[in-house]
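S.K.: So the sequences go chain by chain: A and B. Per our numbering, residue 1 is the first one in the first sequence, and the count goes up by one each step. Per our numbering, residue 1 is the first one in the second sequence, and the count goes up by one each step. The beta-carbon is built from N, C-alpha and C at its ideal position, and this holds for glycine as well.
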Amino acid sequence: MTVLEGQEEEERAPQRPGRGRRGRRPGGWLLPIWSWLVIFWLSLPIIVMIIFGFNNTTGKFNISWQGFTLRWYQQLFAIPDLTQSLENSLTIAAIVTIIATALGTLLGLALGRYRFRGSGSTNLIMFANIAAPEVVLGAALLSLFLLAGVPRGYLTIVIAQVMFCIPYVAVTVRARAASMDRSLEEASRDLGAGAYTTFYKVTLPMIFPGVMAGALLTFALSIDDYIITSFNAGSTVTFPLWVFGVSRLGVPPQVNVMGTLIFAFGVLLAVSGAVSNRRRK
Amino acid sequence: MHGRWAARLAPYWLALPGWLWLVLFFVIPTFVMLSISTQTGDIVNGFTQTFHWQNYVDGWNQFSTQFIRSIIYGLIATVLCLLISFPVAYWIAFFGGRHKSSLLFLLLLPFFVSFVIRTQSWNFILSDDGMVLSPLKSWGVVPQDFHILATNVAVIGGLTYNFLPFMVLPIYVALERIDPALLEASADLYGSKVTALRRIVLPLSLPGVFAGVLLTFVPATSDYVNATILGGTNTTMIGNVIQTEFFTNLDYPTAAALSFILMAGLLIGVFAYARALGTDDVLDMAGAG
Chain A
1 MTVLEGQEEE ERAPQRPGRG RRGRRPGGWL LPIWSWLVIF WLSLPIIVMI IFGFNNTTGK
61 FNISWQGFTL RWYQQLFAIP DLTQSLENSL TIAAIVTIIA TALGTLLGLA LGRYRFRGSG
121 STNLIMFANI AAPEVVLGAA LLSLFLLAGV PRGYLTIVIA QVMFCIPYVA VTVRARAASM
181 DRSLEEASRD LGAGAYTTFY KVTLPMIFPG VMAGALLTFA LSIDDYIITS FNAGSTVTFP
241 LWVFGVSRLG VPPQVNVMGT LIFAFGVLLA VSGAVSNRRR K
Chain B
1 MHGRWAARLA PYWLALPGWL WLVLFFVIPT FVMLSISTQT GDIVNGFTQT FHWQNYVDGW
61 NQFSTQFIRS IIYGLIATVL CLLISFPVAY WIAFFGGRHK SSLLFLLLLP FFVSFVIRTQ
121 SWNFILSDDG MVLSPLKSWG VVPQDFHILA TNVAVIGGLT YNFLPFMVLP IYVALERIDP
181 ALLEASADLY GSKVTALRRI VLPLSLPGVF AGVLLTFVPA TSDYVNATIL GGTNTTMIGN
241 VIQTEFFTNL DYPTAAALSF ILMAGLLIGV FAYARALGTD DVLDMAGAG
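1) Under three-state DSSP, which class holds Phe52/A?
2) Sort Gly245/A, Met212/A and Ala270/A by Cα distance to Thr101/A and report the nearest one.
3) Ends of the alpha helix (DSSP H) at Thr229/A?
4) Using a beta-carbon distance below 8 Å, is Ser192/B in contact with chain A?
5) Is the Cβ of Trp65/B closer than 8 Å to any Cβ of chain A?
6) How many angstroms separate the CA atom of Leu14/B from the CA atom of Thr203/A?
7) In whole angstroms, what is the alpha-carbon distance linking Ile262/A and Phe112/B?
8) Residues of chain A with a CB under 8 Å from the CB of Ser259/B: which are they?
9) Let me make sure I understand the geometry here. Which of Leu22/B, Gly74/B and Ile43/B has the alpha-carbon closest to that of Ile99/A?
10) How is Gln144/B classed by DSSP in three states: helix, strand or coil?
11) By Cβ distance, which residues of its chain are closer than 6 Å to Ala196/B, with the 5 residues on each side in sequence left out?
12) Please decide whether Val3/A counts as near chain B, where near means a Cβ-Cβ distance under 8 Å.
13) Looking at Phe52/A and Gly138/A, is the spacing between their C-beta atoms short of 8 Å?
14) Could you round the C-beta distance between Leu106/A and Gly74/B to whole angstroms and report it? I think they count as a contact, below 8 Å.
15) Should Val173/A be labelled buried (16 or more other beta-carbon atoms within 10 Å of its own) or exposed?
16) Between Leu24/B and Ala89/B, which are expected to be in contact by the criterion C-beta below 8 Å, what is the C-beta distance as a whole number of angstroms?
17) The alpha helix (DSSP H) with Asp81/A in it runs from where to where?
18) Would you identify the three-state DSSP class for Arg21/A, choosing helix, strand or coil?
19) Apart from the five residues just before and just after Met33/B, which ones in its own chain have a Cβ nearer than 7 Å to its Cβ?
20) Quick one: what does DSSP say Gln66/A is sitting in, helix, strand or coil?
21) For Ser35/A, decide whether its Cβ has a neighbour in chain B, counting only Cβ atoms nearer than 8 Å.
22) Across which residues does DSSP place Phe47/B in a beta bridge pair?
23) Mapping DSSP to helix, strand and coil, what is Arg275/B?
24) Where does Tyr200/A fall in DSSP's three states?
25) At least one CB of chain B closer than 8 Å to the CB of Val275/A: is that the case?
26) Could you check the C-alpha separation between Ala211/B and Ser121/B for me, to the nearest Å?
27) Could you spell out the range, first to last residue, of the alpha helix (DSSP H) harbouring Asn152/B?
28) What separation, rounded to the nearest whole angstrom, lies between the Cα atoms of Gly96/B and Val194/B?
29) When the Cα atoms are used, what is the spatial distance from Ser183/A to Phe116/A?
30) Hey, which unbroken runs of the beta strand (DSSP E) at 3 residues or more fall wholly within the stretch 32–108 of chain B?
31) Suppose the cutoff is 7 Å on Cβ atoms and the five residues either side in sequence are ignored; what does the same chain contact list for Ile227/A look like?
32) Less than 8 Å between CB atoms is the rule here; does Ser85/A satisfy it with respect to chain B?
33) State the CB to CB distance for the pair Ala233/A and Ile157/A, rounded to an integer number of angstroms; the pair is presumed to be in contact (CB under 8 Å).
34) In angstroms, rounded to a whole number, what distance separates the CA positions of Ser276/A and Ser102/B?
35) Please identify, using Cβ separations under 8 Å, the residues of the stretch 202–227 of chain B that lie next to chain A, in order along the chain.
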């Protein structure tokens with residue numbers, strides 16, 4: 001999310017050291033080579049995932065290249081359990097995004113705009129939540145559910161994911177709200193607008209980029225989460241849980257295809273966001 | 001009078017739902033886990049609170065190998081992440097020019113693929129007769145029984161791979177903030193490039209490095225996905241143990257005690273870091289990641 005926002009600053013400083021020296025590659029040879037190697041290394045598993053979604057494999061195992069096929073794209077939903085897990089992941093991500101964005105936005109707004117009793121300790125709780133290891137967050141929540149005798153399943157996954165997403169939304173919105181010009185809200189009130197009108201017409205549009213960033217981050221975190229979800233999932237299976245479960249036995253090509261489609265969708269969304277961002281300037 | 005009260009209460013109403021969610025499902029559970037960690041009993045007869053702090057001692061004694069291994073893996077992965085990402089962040093921040101955003105975006109591509117699938121993909125790439133090892137074996141470069149999976153290298157490699165973006169981002173953000181005028185001033189005063197790097201770039205990058213270390217070390221140390229998918233029986237980490245104690249052995253007190261030791265150890269480290277840095281900085285960096 002930062003990448004997209006970072007663009008505003010990009011054109012500000014065209015002169016960078018190293019650029020001025022004529023005849024020398026910026027940064028020498030080593031730095032760009034190293035960086036491109038790292039980028040290649042980071043992309044390698046993704047490239048492999050995409051390629052082997054087109055593999056014309058015959059057996060249950062998708063191990064060696066056996067020719068190009070689009071079969072797995074046609075039979076994308078041939079494994080009912082896998083389809084169900086993807087459906088769970090998508091609906092859970094949607095629900096979690098709505099709840100966590102709403103609660104996180106309000107919390108971030110309160111922390112960014114006001115000084116109030118308990119704001120310090122709330123910041124501390126959020127910091128501890130972000131800093132705590134995922135295993136511990138999952139284990140602690142599971143402890144509560146065990147004690148209270150709550151059966152684990154779809155609902156407890158939603159509760160768990162909202163819990164670890166709220167701080168991320170709150171932090172992004174807080175930063176936005178803190179840098180907001182308060183006189184605009186005062187002007188709105190002076191002109192006779194009520195609290196709700198002021199919120200919807202003035203406050204919300206100003207913090208909206210932070211809210212959007214928080215929502216996208218939440219969706220990504222939710223759909224990707226394995227550890228905390230697995231502790232509170234019971235017999236409900238999400239997409240990462242399903243893949244983890246079969247990882248020892250061999251992953252069917254449909255997983256590659258679904259991974260590829262999610263990847264393509266995410267990249268498209270990010271790129272179009274960046275392009276529209278640039279155009280708006 | 002009514003309006004002023006409403007205004008004074010506004011932040012509380014705004015904060016309440018989110019705050020309540022965090023208290024109910026994060027703060028209270030932590031205390032519940034603390035309580036479970038000192039109980040005794042078993043799953044059949046039920047657990048009772050006996051303030052049996054011995055659980056911590058037993059847990060540590062029984063699983064100190066996995067604890068220490070996790071910390072060592074986490075440290076190595078963090079150092080590798082730092083060494084790998086610093087030059088990349090430096091190159092993009094100072095020489096990225098118009099392409100800064102695009103280059104950064106390429107570094108973040110892994111985020112668009114599920115963590116488990118990425119790790120699974122490495123398992124596939126590194127498998128004993130996979131695309132890397134089988135040619136090497138047929139050319140005789142490595143012996144037939146050579147393997148990478150189920151070794152330290154595979155697990156640490158996986159951890160380094162998976163958490164690298166969390167290191168690159170904060171370092172990039174810190175480097176990007178450096179005013180180029182500082183480097184020009186250094187050059188004008190006849191400072192060499194090395195001097196500029198040592199006296200300007202490195203000190204100013206420290207907040208980013210600290211945040212990156214934090215964002216990498218904590219999840220890497222407590223991760224068990226890499227150890228499960230890429231590792232073997234000799235590479236189990238403390239996350240694996242906690243998971244097994246909870247779900248296979250159904251020994252909740254031990255699992256809770258182990259979680260607490262892990263959290264206490266890591267949080268003490270984190271808060272020590274945060275004090276040196278200022279909480280807001282770390283939180284902002286965390287948000288950026």
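M.R.: Walking through what the data contain:
1) When DSSP states are grouped into helix, strand and coil, Phe52/A belongs to the coil group.
2) Cα-wise, what sits closest to Thr101/A is Met212/A.
3) First-last of the alpha helix (DSSP H) with Thr229/A: Ile227 to Phe231.
4) With 8 Å as the cut-off, Ser192/B does not count as an interface residue toward chain A.
5) Reading off the sequence, residue 65/B comes out as Thr, not Trp. Judged by the 8 Å Cβ criterion, Thr65/B is not in contact with chain A.
6) Between the C-alpha atoms of Leu14/B and Thr203/A there is a straight-line separation of about 13 Å.
7) The straight-line gap separating the alpha-carbon atoms of Ile262/A and Phe112/B is approximately 7 Å.
8) Residues of chain A passing the Cβ test: Val135, Val136, Ala139 and Ala140.
9) Measuring from the Cα of Ile99/A, the nearest candidate turns out to be Leu22/B.
10) Three-state result, Gln144/B: coil.
11) The answer, listed in chain order, is Leu183 and Ser186.
12) Residue placement at Val3/A is flagged as unreliable, the pLDDT there being 41, under the threshold of 50; the coordinate-derived value follows with that caveat. Yes, contact with chain B.
13) Gly138/A is not a Cβ neighbour of Phe52/A, given a cutoff of 8 Å.
14) In fact, because the Cβ distance is near 35 Å, the residues do not count as touching under 8 Å.
15) Buried, since its Cβ has 16 or more Cβ neighbours within 10 Å.
16) Between Ala89/B and Leu24/B the Cβ distance is about 39 Å, and since that is not below 8 Å, they are no contact.
17) Note, Asp81/A: alpha helix (DSSP H), Pro80 to Arg113.
18) Low confidence applies to Arg21/A: its pLDDT is 43, below 50, so where it sits in the model is not reliable enough to give any reading.
19) Closer than 7 Å at Cβ, skipping near neighbours: Ala256, Ser259 and Phe260.
20) Coil at Gln66/A, not helix or strand.
21) Yes, because at least one Cβ of chain B sits closer than 8 Å to the Cβ of Ser35/A.
22) Residue pairing by DSSP places Phe47/B opposite Gly41/B in a beta bridge.
23) In this structure, Arg275/B counts as helix in the three-state DSSP scheme.
24) When DSSP states are grouped into helix, strand and coil, Tyr200/A belongs to the helix group.
25) Output row for Val275/A: interface = no.
26) In this structure, the straight-line span from the alpha carbon of Ala211/B to that of Ser121/B is close to 28 Å.
27) If you look at Asn152/B, you'll find it in the alpha helix (DSSP H) that goes Asn152 to Glu176.
28) Approximately 20 Å between the Cα atoms of the pair.
29) Going by C-alpha positions, Ser183/A is about 20 Å away from Phe116/A.
30) Runs of the beta strand (DSSP E) lying entirely within the stretch 32–108 of chain B, each at least 3 residues long, are 39–42 and 46–49 in chain order.
31) Counting only Cβ-Cβ distances below 7 Å, and skipping sequence neighbours, we find Glu134, Val135 and Gly138.
32) At a cut-off of 8 Å, the C-beta of Ser85/A has no neighbouring C-beta in chain B.
33) Rounded, the Cβ-Cβ distance is 6 Å, consistent with contact.
34) Each residue's alpha carbon lies about 15 Å from the other.
35) Residues Leu214, Val218, Pro219, Thr221, Ser222, Asp223, Tyr224 and Val225.
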